[in-house]
Amino acid sequence: MRVVLTALMLLYAGLALAIDSEPPFADPGLQARYEQLTHEFRCLVCQDETVADSNAELAADFRRQIHGMVEAGRSDAEIRQYMVNRYGNFVLYKPPMQRSTALLWAGPFILLLLALVIVARVVRRRARAQEGAP
Amino acid sequence: MIPELGHLALILALGLATAQAWFGLVGAQRRDGVWLAVVRPAAVAQALFVLGAFAALAYSFLTCDFSVAYVAENSNVALPWPYRITAVWGAHEGSLLLWVTVLALWTLAVARFSRHLPQEFAGRVLGVMGLVTLGFCLFMLTTSDPFMRLLPAAEQGRDLNPILQDPAMAIHPPMLYMGYVGFSVAFAFAVAALLGGRMDPVWARWSRPWTLTAWLFLTFGITLGSWWSYYELGWGGWWFWDPVENASFMPWLVGTALVHSLAVTEKRGAFKNWTALLAIAAFSLSLLGTFLVRSGVLISVHSFASDPRRGIFILSMIGVFVGAALTLYAWRAPTLARGGGFEPFSRETLLLLNNIFLVVAASSVLLGTLYPLFMDAFGLGQLSVGPPYFDAVFVPVMLPFLILLGIGPYVRWKHGDPAATARTLRIAGIAALLAGVVSLILMHGEGALMLGAGALLAVWIGGSAFIEPLAYLRRRRQGRHTTLSRATLGMCVAHLGAAALVLGISVTSLLGIEQDRVMRPGETASVAGYDFSFEGVHPEAGPNYEARQGIFRVSRRGRAVAEMRPEKRAFTTTETTEAAIEPGLFRDFYIALGNPLDQGAWSVRIQYKPLVRFIWLGGLLMMLGGILAASDRRYRARETAAATEYA
Amino acid sequence: MKKLAQYTPFILPGLVLLFLIGLFARGLFLDPSKVESPLIGKPSPAFSLPELKQPDKRLDQSLFQGHVTLLNVWGAWCVACHEEHPVLVELAARKLLPIYGLDYHDDPQAALTMLEKDGDPYTAVLFDASGDVAIDWGVYGAPESFLVDKHGVIRDKYIGPITPEIIETRLIPMLQQLQAEP
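Structural data, given as structure tokens:
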């Protein structure tokens, strides 16, 4: 409970944005990857902020490590796996595509298809009613 | 003394709400004119007592009565008096009282403006609202009493979070609540119609202005929240798909479907089931939002402190209200008379598609928001569903919807003429295609396709929105007798707002630039063709904080454009980042200070945000459209003829 | 059958509601902010850290071999750790299992002072200045504790302060089970 309270107090502080103190990459491509990655991970202390935005010390540590990994030439997938190995899928803001998330990713599109099928049937039925009318 | 009076007022309101509900619903069932006559006075009395309770709490805040526990926890002697009032709804108990107070205001409005409705129907509507009041008053009195005493009284009170001492933050909850609670009126209208077994077009005409008004307040509340988040929180973003943001967005999506579905029920007597279900759904989602914020079931920055007891109570309320309404729906809706048929190419079909897309969109948001809970509850592990998911899913679902948005207003009811529609929309279509292609070419690179799509849709919808008003002006100039109803004008304005929103979101997301860097005094950064020259950070004193203020001079090709002063403010308990914003209609500059490093260097974040203001402009236009539509003349006509017909 | 198909759209919303209420009722008793550890059942991460009290000495993951261990992540800056400390001191006095400390993001002097003033339950304290080892353990706040078995495999994680209740209901039963294992 106390951890949660401490985290909550840090949360208010964390609403003050954190700016990265990591040095920028010389290569803009690497910089873009780094920025993309830090926006993908969830800060576990201020759990409603990305690692890029969070003021928490843990987020600064994460940024430092991610910076190092990008510089060392690790791929995006490797870096994500590194984080997931330590903190689980919770740390990813983009849920992975696996069997347990099939419903999540496919759901909206299945719903849409289903809905369009229903519309087609309703419209056809109403059109028939229209023809039947005097 | 005053807090005790406030508490008493709540108890009296509870009793009167019970009477309101009883006499309204049972009286209508029994067609008892005497009982029904009691309903309106009971409702007015109950509302006045609730307002009294709110006044009592506000008074306790204004006078810094720290013997009231809630006041002590949410206020401070140093708090300026306007923020003492807004602190009333700063935490759980007070925000509940605000909920009930807004409900009291809506109750008064319905009591006042329902005289032309048949007595039974009005009795049912007020009866349902009385039940909702009853539920929330009971909730407060049993688990969340804002008038509990703290003895011995606190000396100073706690320091209020400085982030909440802000005008936009202050009125954001009341505006949202006007929307959420306003949907209870639409809900009550639908339930009353189902109870009576009839849902005529004239019912839709009664319901529409109430629903539109609730919707426009919700639009305003969400827009305010987004704008506040942008300028106050220092991250330069305007939407995070946070669970509680989603909790306000879902009722908005369903509410939008509802106001359009009501149009079909009013004009053609069709879609009654849809309209009833959407009205129930909109209010259910409002209740869901209330639940999510107070239950601790999801992680969110907005969450009030959670207590399982409170969560259980609200969940039970949802079960009772929504369960009863849906049971009534399953029972009665199949027996409602069907409306007229229509052809495949007709406005009815397009509005049906409109309903579908909005409901699928709302369902997708619900799915994403609740999926982490679903996984955790079923032992499937923990998951986060954040902006990457919602952006990836929401945008494709909305794309076809946005295309239809431009077409719908120009298709005839029942029997559309594709050739005529195509002719009307020809220019808008060509302009949209041009805009899309030009944007695609100009951007040439990652995101070009999305930008092209965004530009195409924005010009398409915007162009379509202008057609009817321009046609009206042309007819005027030709000397022909013609009208442009407020409802139609309102629709065009609201759709124009949608166009602005789409354009703002596309451009700012795809063309916006964000740079984090370390700067030393004297250095210049170049972002988006502008030069940002950093002149160092110096201390500044504020009324209740110490600030470190940075100075940036912005120039373009040597010509000075702006001076920006971002700050880091240290209050007694927290520190905040005050971003410097240089606003403009077509672009914002946004600078936030990070952390001090050695030798006067600072980490800073500089952002260039093109067309970001169009997002909130779009929201405001939609709100304006709602105001115009709700104030259409035909809603204000006396409906005495309809009353006798319905009795 | 046709009647069912006809009535389905009217019953469906109600069914959805029932499902959601069930889901929420379950959710009221979960804590979504407690991040489950994916390291449970996995061998402890490799590390090499100086000892707080003897900075020249270095310890690595071999310290877990041969006995069940409790690794407690703490810092002198952490308010909850101060509250947890007496419980750990008492636990150490019972000599049930060795307690190692992972001093995380801390000032060594402040840490030593805390141990002097409030008691030292630790067999040894690993000093993680950068916080990198803590990240390898999936630590996201303090205090957190890990129960590691005789072969260096992480078997349980306690998020938040160790309380007497946690000791009696979770730690001791699991300790007995792990000690009985070969």
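Chains as they are written, first to last, in this note's numbering: chain A, 320 to 453; chain B, 1386 to 2032; chain C, 735 to 916.
Glycine included, C-beta positions come from ideal geometry on N, C-alpha and C.
Note that the structure is a prediction, hence the values are computed from the model and not measured.
Beta-carbon within less than 7 Å of B/V1745's beta-carbon, same chain only, minus the 5 sequence neighbours each way: which residues are those? The sequence position of residue 1745 of chain B within the second sequence is 360, counting from 1. So the qualifying residues of the chain are V1782.
Where do the N-terminal and C-terminal ends of the beta strand (DSSP E) with B/A1955 fall, by residue? Here residue 1955 of chain B is taken as the residue at index 570 of the second sequence, counted from 1. Start and end: 1952–1955.
Going by DSSP, what residues sit across from B/A1965 in a beta bridge? Reading the second sequence from its first residue, position 580 is the one you call residue 1965 of chain B. DSSP output for B/A1965 lists B/I1976 as bridge partner(s).
Where do the N-terminal and C-terminal ends of the alpha helix (DSSP H) with B/Y1616 fall, by residue? By one-based count along the second sequence, residue 1616 of chain B stands at place 231. DSSP places B/Y1616 in the uninterrupted alpha helix (DSSP H) bounded by 1586–1617.
Give the interface partners of B/P1757 over in chain C, defined as CB-CB distance under 9 Å, in chain order. Numbered from 1 along the second sequence, position 372 holds the residue referred to as residue 1757 of chain B. Correct list: P766.
C-beta atoms of B/F1524 and B/M1386 nearer than 8 Å: In the second sequence, counting from the first residue as 1, residue 1524 of chain B sits at position 139. In the second sequence, counting from the first residue as 1, residue 1386 of chain B sits at position 1. Against a cut-off of 8 Å, the Cβ pair of B/M1386 and B/F1524 comes out as no contact.
Leaving out five residues before and five after B/G1621 in sequence, what residues of the same chain have Cβ atoms less than 6 Å from its Cβ? Residue numbering aside, residue 1621 of chain B sits at position 236 when the second sequence is read from its first letter. Excluding sequence neighbours, B/G1621 sits near Y1975, Q1992.
On a Cα-Cα basis, can you pick out the residue from B/A1577, B/L1896, B/G1882 that is closest to B/M1835? One-based indexing of the second sequence puts residue 1835 of chain B at position 450. Nearest C-alpha to B/M1835: B/L1896.
Just how far apart, CA to CA, sit B/V1473 and B/A1457? In the second sequence, the residue the question calls residue 1473 of chain B occupies position 88. In the second sequence, the residue the question calls residue 1457 of chain B occupies position 72. Roughly 11 Å between the two C-alpha positions.
Cβ neighbours of B/T1641 in the same chain (closer than 8 Å, five flanking residues each side left out): Against the second sequence, residue 1641 of chain B aligns to sequence position 256. Hits under 8 Å: W1600, L1743.
Using CA atoms only, rank isn't needed, just tell me which of A/V442, A/S340, A/R444, A/V410 is closest to B/G1766. What you label residue 1766 of chain B is simply residue 381 of the second sequence in a count that begins at 1. Ranking the options by Cα distance to B/G1766, first place goes to A/V410.
Name the two residues that bound the continuous alpha helix (DSSP H) containing B/L1677. To locate residue 1677 of chain B, count along the second sequence from 1; it is residue 292. Counting along the chain, the alpha helix (DSSP H) containing B/L1677 begins and ends at 1657–1680.
Find out if the Cβ-Cβ distance for the pair B/P1628, B/S1569 is shorter than 8 Å. Your numbering for residue 1628 of chain B matches position 243 in the second sequence. Your numbering for residue 1569 of chain B matches position 184 in the second sequence. Taking 8 Å as the Cβ cut-off, B/P1628 and B/S1569 do not qualify as a contacting pair.
Would you check whether the ligand COA has a heavy atom nearer than 7 Å to the C-beta of B/D1802? With respect to the ligand COA, the structure offers nothing, as it holds no ligand at all.
Run through DSSP, which three-state label would B/E1540 get? Start at 1 with the first residue of the second sequence, and residue 1540 of chain B comes out as number 155. Of the three classes helix, strand and coil, the one that applies to B/E1540 here is coil, per DSSP.
Please name the residue in B/V1682, B/A1777, B/V1485 whose C-alpha comes closest to that of C/K768. The count along the third sequence starts at 1 and reaches residue 768 of chain C at position 34. Of B/V1682, B/A1777, B/V1485, the smallest CA-CA separation from C/K768 is found for B/V1682.
So is B/R1905 buried or exposed if we call it buried at 16+ other beta carbons inside 10 Å? Your numbering for residue 1905 of chain B matches position 520 in the second sequence. Exposed.
A/L260: contacting residues in chain B (beta-carbon distance under 9 Å): Because residue 260 of chain A is not part of the residues shown, which for chain A are 320 to 453, the question remains open.
Does A/Q350 get closer than 8 Å to chain C when you measure Cβ to Cβ? Numbered from its first residue, the first sequence carries residue 350 of chain A at position 31. Closer than 8 Å: no.
Nearest-angstrom Cα separation, counted from B/H1923 out to C/E818: Within the third sequence, residue 818 of chain C is the residue found at index 84, counting from 1. Within the second sequence, residue 1923 of chain B is the residue found at index 538, counting from 1. Their Cα atoms are separated by approximately 41 Å.
Taking Cβ positions, are B/A1977 and B/A1986 nearer each other than 8 Å? Along the second sequence, read from residue 1 onward, the residue named residue 1977 of chain B stands at position 592. Along the second sequence, read from residue 1 onward, the residue named residue 1986 of chain B stands at position 601. For B/A1977 and B/A1986, no; Cβs fall outside 8 Å.
Beta carbon proximity, C/Y834 to chain A, threshold 8 Å: Here residue 834 of chain C refers to the residue found at position 100 when the third sequence is read from its first residue. Not one chain A Cβ lies under 8 Å of C/Y834.
Chain C contact for A/Y406 (CB, 8 Å cutoff): Along the first sequence, read from residue 1 onward, the residue named residue 406 of chain A stands at position 87. Yes, A/Y406 counts as interfacial toward chain C.
Rounded to the nearest angstrom, what separates A/T357 and C/G756 at their Cα positions? Counted from its first residue, the first sequence places residue 357 of chain A at position 38. Counted from its first residue, the third sequence places residue 756 of chain C at position 22. Each residue's alpha carbon lies about 36 Å from the other.
Rounded C-alpha distance that separates B/M2008 from C/V867: Along the second sequence, read from residue 1 onward, the residue named residue 2008 of chain B stands at position 623. Along the third sequence, read from residue 1 onward, the residue named residue 867 of chain C stands at position 133. Those two C-alpha atoms are separated by around 53 Å.
Using a C-beta to C-beta distance shorter than 7 Å, which residues of chain A count as neighbours of C/I869? Here residue 869 of chain C is taken as the residue at index 135 of the third sequence, counted from 1. D380, Q384, R405, listed in chain order.
If distances are taken between C-alpha atoms only, which option among B/L2006, B/F1572, B/G1437, B/G1581 comes closest to B/F1532? As a position in the second sequence, residue 1532 of chain B is number 147, starting the count at 1. Selected option, being the one with the closest Cα: B/G1437.
Pairwise C-alpha distance: B/L1519 and B/Y1565: By 1-based counting over the second sequence, the position of residue 1565 of chain B is 180. By 1-based counting over the second sequence, the position of residue 1519 of chain B is 134. Roughly 17 Å separates the two Cα atoms.
Less than 8 Å between the C-beta atoms of B/L1481 and B/F1434, yes or no? Taking the first residue of the second sequence as position 1, residue 1481 of chain B is located at position 96. Taking the first residue of the second sequence as position 1, residue 1434 of chain B is located at position 49. No.
Return yes when the Cβ of C/F758 is within less than 8 Å of the Cβ of B/L1827, no when it is not. Position 442 of the second sequence, counted from the start, is the residue given in the question as residue 1827 of chain B. Position 24 of the third sequence, counted from the start, is the residue given in the question as residue 758 of chain C. Contact: no.
Confirm, please, whether the CB-CB distance from A/A446 to B/E1728 is below 8 Å. For the purposes of this step, residue 1728 of chain B is taken as the residue at position 343 of the second sequence. For the purposes of this step, residue 446 of chain A is taken as the residue at position 127 of the first sequence. It is a contact, given that the beta carbons lie within the stated cut-off.
Straight-line Cα distance separating B/S1633 from B/L1996: Working through the second sequence from its first residue, we reach residue 1996 of chain B at position 611. Working through the second sequence from its first residue, we reach residue 1633 of chain B at position 248. Rounded to whole angstroms, B/L1996 to B/S1633 spans 24 Å at the Cα level.
Please go through the stretch 844–893 of chain C and give each complete alpha helix (DSSP H) segment of 4 or more residues, from N-terminal end onward. 866–870
Rounded to a whole number of angstroms, what is the C-alpha to C-alpha distance between B/W1588 and A/R443? Within the second sequence, the letter at position 203 stands for residue 1588 of chain B. Within the first sequence, the letter at position 124 stands for residue 443 of chain A. So the alpha carbons of these two residues sit roughly 27 Å apart.
Where the alpha helix (DSSP H) containing B/N1459 begins and where it ends: By one-based count along the second sequence, residue 1459 of chain B stands at place 74. B/N1459 -> alpha helix (DSSP H) spans 1454–1459.
Euclidean distance between Cα positions of B/S1345 and C/L754: With chain B represented from 1386 up to 2032, any question about residue 1345 of chain B goes unanswered, as that position is not in the structure.
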